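Below is one structure, written out as C-alpha cells, with a few remarks after it.
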Amino acid sequence: MDLLLILFGKLLSMVIRFLNVGSGSTWPGHVALSINKNFIKELVKASPQLKIILIAGTNGKTTTGKLIQTILERNGEKVFQNESGANLLNGIASSLLLRSSILSTINYDYAIFEVDENTLPLILKEISPDYLILLNLFRDQLDRYGEVNTIASKWRDTIHHLLPKTKLILNADDPQIAFLGKFRGVLSSTPSRWNNIDTSVFYFGLDDKTLHQTSRQHAVDSTYCPHCSSKLYYKIVYYSHLGDWECKKCGNKRPKNIFSNPPPSQLSGTYNRYNVLAAILATKKIGVSNEIIKKSLKTFTPAFGRQEILNVDGKKVQIFLSKNPTSFNESLRTIKSLGAKNVLFVLNDRIPDGRDVSWIWDVDTEEYIKKFNSVVVSGDRACDMGLRIKYSSEFSISNFQFSMKISNFKFQIEGDLKKAIALGLKEVPKSETLYILPTYSAMLEVRKFITGKKIL
Amino acid sequence: MKNIKHNLVIGWLYPELMSTYGDRGNIICLQKRCEWRGINVEVKRLDVGFPYEQLATCHLLFMGGAQDNQQKIVSHDFSKEKAKELKKMVEDGIPGLYICGAYQFLGRYYKEADGTIIKGLGILDLYTENPGENHERLIGNIVVNARSMLHVARRESSTSHALPATTHLVGFENHGGCTYLGKDVKPLGKVIKGFGNNGTDGAEGAVYKNSFGSYLHGPILPKNPVLADLLIKLALEKKYDSPINLSPLDDSLEIKAQNTIAKRLNIKI
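Structure representation (C-alpha cells):
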C-alpha cells in the first residue's frame, strides 16, 4: 500500500512542478498521511540504516540544517533534508516519500528535518530521531501559537518520553531550552537531582564577554525562571533572552560543560554563532573530524534568504530573513555592523508570515534608523511598516509624506515590491549593497524578482 | 493657555510582563504624538513591586496583554491598596487604555474552561468566560465603528469639534476569552467585521468614564490616532482643568494603513 502511495506521490509531485503551481513540497505527504496515518512510521521502519536528525526552534533551523548537511556530505555521507518551510508533518512525509525508492527503501545515510515548533511533539510520536537539536524559543507568529510558554511546556512533556537512543543537543543560553535537559527520563523537576550528568544530553552556548549587550532589547521572552517563575539574573546577555543566566531563588542555572568555541565561519551575527555551535556539536557527536568540520565552515554558503548575497546590475543585494522581533533585531544589529546605509524592509502578513503584524512594534527600530541614508518599505503591509518607521524617526515627522527626504535621510513607501526593489537599488552606489529585511513570504518574492526563479 | 508648555506623565503598568503583542507601540504612539505637539511626556514604568502611591502621580494609564503565567504574577502583585487606588482613580475619571489581558483583569472575574473563577479587579462592570479548547479562539483582523462612543466622550470633554474623517478602529484580535458587558459600561464600538468581545452580541471593547478597554492589537493606537489623541486630550484636560485643543497632525499614512485592511475586508471606512 505504501508502495502505491510512494508512486502516486512522486507522480503528483512531478505534475505539480510541471504545472508550476508551487513546489509540490507538501501535497504528496498530505495525501499519503490522509490515506495511511502510519505512513511516516512505516517508511522509517523500512530503512533502519537511515539516521535522523531533527532540528526545532524559532530561529536558525534552516541555517543549522544546511551547515550539518554541508559537513556530513564533505565527510562522504549521503544526506537529504526536507524543504525549508515544509516543516509540518506533511512536509516531512513528502520529503521521505520523494526520496524513497520503488522498493520503499530510502538509500541515504542521514535525513535532516527542520521541524515547526508546534509539530515537534507530533513528529516525535512517529519518529525516534538519533539526534534532536533544540535551538531557541522566541515569540513568532503569535496568531498561530499564542504563547511561548505553552510550546515550552508541550516540549517538556515530549522530552520526557524520548527513547534513550535520542541524543539531545540543547542551547544552554536559552533558559527554557536548557531546562528541557532536566526532563529526560527519570530526571525531573527536583533541584537536588539537577547535577546528575545525563550522558545523552549535550549543551552548546557562547562564552565571550565581548559580545555582552548592555542595553536589553524590548521583545524579550523567558526572563522568568522556567521552574519557579522568579525573575532571572543575567551575568552576560548575548541577545534577547539568551545569555549566562541564573535563578537566585531556586538555584536553576545555565548548565556547565558547554561546547563553546567554534572555529570561524562565513556567517555574520551573534545569532549565527549559535547555529554554528549547534551544527558542530551535532557532527562531532556523530564522529566527524575537526578538520572536516573546519574545512566545511570555510566554504559554507548561506541558505537562501539568510544573509544570501545576490548580484544585480553591478550592485549587491543581501537578504536577511526577518520574521519576528528577535530575528529582525538581530538582522538590524548585524547589518549595522556591516556598515549598512541602504535598506529595504518588506512586511507581508500571509500565513507563513503571521497575520498579526503587531510584532513590528517590538523591534527596536529607533536604535538603527538614524544609521541609514535610505529606507524603503514595501509589502502587503507597507503602510504599517511605514508607521513603525515614522514613529521611530528622531526627526519630527509629524507632517508625513510617502516619499520624503530630511537632511541625509531618505524614506519611501512603495507597496509594489518590484518597484520598491528598484527604488532601493537606485539609492545604492555602484558595487555597494542594498540590505533587504523581508518576512518569509516576502523573502520568497524578493528572490523570485531578483533571480527570476520560483523557489518554493 | 497657548504659550504654556504642557507636561504629561503616562503610567505604563507592568511593561515587562504585560507587553506581549507589540503593545508598547501604544506607548510609543502616545509619546510621539505628544512630542510632535510640544507636549512634554514622561513614561513611568510601573513594574512588579511598584508602590501604589506612584499611580496617583500619573495622568494617563496604560496596561497591555500577557501570557497566562505572566498574568498570574501581575495578579499577585496587585495588592489591595493598588486595586483600591486604581479603582478610585478610574471613578475619578483618570483616562486609561487597557488591552486584552488588562481589559479582562479590570473586570469582575474570569471564568476558566473548567469552571474555576479568577477574581478580577472589579473596576469595570464586565466578566469574561473561556468556553474551552473545543471552541475556536477569536482571531483575525477586525474593524469597529466607534463613532458613537468617541463622539460622546469628546462631547463630555467640553470642546466641540467637527468629527475627524474616520472614527473606525482597525486592529487585530486574538483571544480565547469571551467578554460580556454589564449595564454600567458601554461598548467601545460596534463590530463591522470580526468577532469583538464575544462573537455574538456585536460589541467590541468597553468604555467607563475615561477608561477604555479593548481586545484590539495592531497595536490599537498607531493605526487609530483618533483614540490616541482623545486619550491625550482627556489627560491634559483633567490635569489642567480646562479645555484643550490639540493641534492636528497629518494622519494620512494612518488612514492608508487602515484602508489596507478595510479594502481587504470589503469595507468602506
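The listed protein sequences derive, respectively, from chains D and B. First residue of the first sequence? That's 1336 in this note's numbering, and the numbers climb one at a time after it. First residue of the second sequence? That's 735 in this note's numbering, and the numbers climb one at a time after it. Note that beta-carbon positions come from the ideal geometry of N, C-alpha and C, so glycine has one too. None of these values were measured; they are calculated from a predicted model.
Buried or exposed (CB count within 10 angstroms, at least 16 for buried), residue i
i: residue 1746/D; result: buried
i: residue 1600/D; result: buried
i: residue 1002/B; result: exposed
i: residue 869/B; result: exposed
i: residue 1749/D; result: buried
i: residue 1776/D; result: buried
i: residue 763/B; result: buried
i: residue 1763/D; result: buried
i: residue 893/B; result: Reliability fails at residue 893/B, whose pLDDT of 44 lies under 50, so the model's placement of it is uncertain and the value that follows must be treated cautiously. By the 10 Å Cβ count, residue 893/B comes out exposed.
i: residue 1634/D; result: exposed
i: residue 834/B; result: buried
i: residue 1433/D; result: buried
i: residue 912/B; result: buried
i: residue 1563/D; result: exposed
i: residue 1751/D; result: exposed
i: residue 946/B; result: buried
i: residue 1388/D; result: buried
i: residue 1781/D; result: buried
i: residue 897/B; result: At residue 897/B, the pLDDT of 46 sits below 50, so the modelled position is not reliable; the number obtained from the coordinates is stated separately. Looking at its Cβ environment, which holds fewer than 16 other Cβ atoms inside 10 Å, residue 897/B is exposed.
Residue i versus residue j: straight-line alpha-carbon distance, rounded
i: residue 818/B; j: residue 1671/D; result: 48 Å
i: residue 866/B; j: residue 872/B; result: 12 Å
i: residue 838/B; j: residue 750/B; result: 18 Å
i: residue 1646/D; j: residue 1453/D; result: 36 Å
i: residue 747/B; j: residue 1347/D; result: 55 Å
i: residue 1510/D; j: residue 974/B; result: 48 Å
i: residue 1539/D; j: residue 1713/D; result: 37 Å
i: residue 1549/D; j: residue 1572/D; result: 7 Å
i: residue 1522/D; j: residue 1568/D; result: Low confidence applies here, because residue 1522/D scores a pLDDT of 46, under 50, leaving its location unreliable and the question unanswered by this model.
i: residue 1739/D; j: residue 1761/D; result: 15 Å
i: residue 861/B; j: residue 843/B; result: 5 Å
i: residue 874/B; j: residue 1648/D; result: 41 Å
i: residue 795/B; j: residue 831/B; result: 6 Å
i: residue 1463/D; j: residue 805/B; result: 36 Å
i: residue 1679/D; j: residue 786/B; result: 45 Å
i: residue 995/B; j: residue 840/B; result: 29 Å
i: residue 1507/D; j: residue 1583/D; result: 17 Å
i: residue 1595/D; j: residue 901/B; result: 55 Å
i: residue 1793/D; j: residue 1000/B; result: For residue 1793/D there is no data in the structure shown, the boundaries of chain D being 1336 and 1791.
Terminal residues of the alpha helix (DSSP H) in which residue i lies
i: residue 1778/D; result: 1775 to 1786
i: residue 1718/D; result: 1717 to 1725
i: residue 955/B; result: 954 to 957
i: residue 1374/D; result: 1374 to 1380
i: residue 992/B; result: 986 to 998
i: residue 1663/D; result: 1660 to 1672
Bridge partners - residue i, DSSP secondary structure assignment
i: residue 1739/D; result: 1746/D
i: residue 746/B; result: 779/B, 796/B
i: residue 763/B; result: DSSP, once it has assigned bridges, lists no residue as partnering residue 763/B.
i: residue 912/B; result: 863/B
i: residue 1580/D; result: 1569/D
i: residue 1506/D; result: 1539/D
i: residue 843/B; result: 853/B, 861/B
i: residue 1391/D; result: 1450/D, 1469/D
i: residue 1435/D; result: 1441/D
i: residue 940/B; result: 947/B
i: residue 874/B; result: 907/B
Opening and closing residue of the beta strand (DSSP E) in which residue i lies
i: residue 830/B; result: 830 to 833
i: residue 1601/D; result: Per DSSP, residue 1601/D belongs to no beta strand (DSSP E) and is neither H nor E.
i: residue 1641/D; result: 1641 to 1647
i: residue 927/B; result: 923 to 927
i: residue 1681/D; result: 1677 to 1681
i: residue 1654/D; result: 1650 to 1655
Check distances from the C-beta atoms of the stretch 932 to 964 of chain B to those of chain D and list, in chain order, the residues that come in under 8 Å. In summary, the residues of the stretch 932 to 964 of chain B whose CB is separated from some CB of chain D by less than 8 Å are 951, 952, 953, 956, 957, in the order they occur in the chain.
What residues in the stretch 1485 to 1511 of chain D have a beta carbon less than 9 Å from any beta carbon of chain B? So the close ones are 1485.
Near-chain D residues of the stretch 751 to 762 of chain B (beta-carbon distance less than 7 Å), N- to C-terminal order: Here the close residues are 755, 756, 758, 759, 762.
What residues in the stretch 1712 to 1729 of chain D have a beta carbon less than 7 Å from any beta carbon of chain B? If the cut-off is 7 Å between Cβ atoms, the stretch 1712 to 1729 of chain D has 1716, 1718, 1719, 1721, 1722, 1725, 1726 near chain B.
At a Cβ cut of 8 Å, what residues of the stretch 1690 to 1710 of chain D count as close to chain B, listed as they run along the chain? Answer set for the stretch 1690 to 1710 of chain D: 1690, 1691, 1692, 1693, 1694, 1695, 1696, 1697.
Can you give me, in chain order, the residues of the stretch 1562 to 1575 of chain D that have a beta carbon less than 9 Å from any beta carbon in chain B? Taking 9 Å as the upper bound on Cβ-Cβ separation, chain B lies near residues 1564, 1566 of the stretch 1562 to 1575 of chain D.
Of the residues that make up the stretch 807 to 821 of chain B, which ones have a beta carbon closer than 9 Å to any beta carbon in chain D? Cβ contacts with chain D: 807.
Using a Cβ-Cβ cut-off of less than 7 Å, list which residues of the stretch 834 to 852 of chain B approach chain D; keep chain order. Those would be none; no residue qualifies.
May I ask you to list, following chain order, the residues of the stretch 976 to 988 of chain B that have a beta carbon less than 8 Å from some beta carbon of chain D? For the stretch 976 to 988 of chain B, the beta-carbon criterion of a distance under 8 Å to any beta-carbon of chain D is satisfied by 983, 984, 986, 987, 988.
Looking at chain D, which residues of the stretch 789 to 809 of chain B have a Cβ within less than 9 Å of any of its Cβ atoms? Result list: 801, 802, 803, 804, 806, 807.
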